[in-house]
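Asks: Heads up: take any position in the sequence shown, counting from 1, add 2, and you land on the working numbering. Built from N, CA and C at the ideal position, the CB exists for glycine as well.
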Amino acid sequence: MKSTSAERGTGPDRPVVRPARLDRQLSDSPLDPCYADPHLERLVAMAGEQAAEQARAEGYARGFAEGSRAAAERARALEERRRQEDVARREAFHASAASALTTLGSAARALRESSDAVWAEVADALVDGTLTLARAALGRELGTVDAEVAEAVRLAARTAGQTDLTIRVHPDDLSVLSGQSVEGLPDEVRFIADPEVPRGGALAVDGSRQVLAHLESSLAAAEEVLRS
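#1: Would you kindly check if the distance between the Cβ of ALA100 and the Cβ of VAL155 is under 8 Å?
#2: According to DSSP, simplified to helix, strand and coil, what is ASP166?
#3: CA-CA distance, ALA169 and GLU198?
#4: Can you give me the C-alpha to C-alpha distance between ARG91 and PRO200, rounded to a whole angstrom?
#5: Between the beta-carbon of LEU176 and the beta-carbon of ASP208, is there less than 8 Å?
#6: For the beta strand (DSSP E) containing VAL207, list its first residue and its last residue.
#7: Kindly indicate which three-state DSSP category ARG211 falls into: helix, strand or coil?
#8: Buried or exposed: which applies to ALA110, given that a residue is buried once 16 or more other Cβ atoms fall within 10 Å of its Cβ?
#9: Starting from ARG192, trace the beta strand (DSSP E) both ways and give me its first and last residue.
#10: Look at the alpha carbon of PHE193 and the alpha carbon of GLU55, and state the distance between them as a whole number of angstroms.
#11: Residues bridged to VAL171 by DSSP?
#12: Taking buried to mean at least 16 other C-beta atoms within 10 Å of its own C-beta, is VAL171 buried or exposed?
#13: Buried or exposed, going by whether 16 or more other CB atoms sit within 10 Å of the CB of LEU106?
#14: Mapping DSSP to helix, strand and coil, what is ARG201?
#15: Buried or exposed: which applies to GLY202, given that a residue is buried once 16 or more other Cβ atoms fall within 10 Å of its Cβ?
#16: Which residue from ARG160, ASP174, SER70 puts its Cα closest to that of VAL191?
#17: Let's test the definition: count the other Cβ atoms within 10 Å of the Cβ of GLY145 and tell me whether it reaches 16, buried, or not, exposed.
Structure representation (structure tokens):
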């Protein structure tokens, strides 16, 4: 049966009416063939595929964002734990070294007070051995000049204070510090190149107070006290 022009809709504002043949099935769809339209079925199928694809894309984007956030949080947690472990290890090392030097000084002075020459020789041997061990331990702990300078800066800053702090270092060491971040320092700390400061040392100036941190000089001073 042919459709009329009125059914087709010829005006610009008239809806387009699709003709349908009623003498045969319009589709193999399980729906009632009287109501099936292949074109509409294709549109519905395409809409379903587009909705499924969009849902997959949105699910992937959400999963990727959540995974990225979780990975970033784990990385930050690991970095913070590593930093805390490094700080704890350095503090434990300094406390152990200070305790050992104090104990050694007391023992050496007690031995020197004895009139027995044998005990004096034992005291000197103890001083030599302990200083050798201390230098070896510092060498393993610091490893490089960079680490020695950073440790001296931390020690000087911790001793001097945290307000209006200026740290003077040797010009060669200043170039080393400019390429790394020293933990435990206030944000407003200022670094100044000073050729009078020995390599590997740091002079912290806090108002009228000055503190020189130089590990080798500290060992030399400890040796002088122990041998006096």
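Replies: Once the coordinates are examined:
#1: no
#2: coil
#3: Sequence inspection shows Ile at residue 169; the Ala mentioned does not correspond to that position. Rounded to the nearest angstrom, the two C-alpha atoms are 13 Å apart.
#4: 26 Å
#5: no
#6: 204-208
#7: strand
#8: buried
#9: 192-195
#10: 58 Å
#11: ALA195
#12: buried
#13: buried
#14: coil
#15: buried
#16: ARG160
#17: In this prediction, GLY145 scores a pLDDT of 44, lower than 50, which makes its location untrustworthy; no coordinate-derived value is stated.
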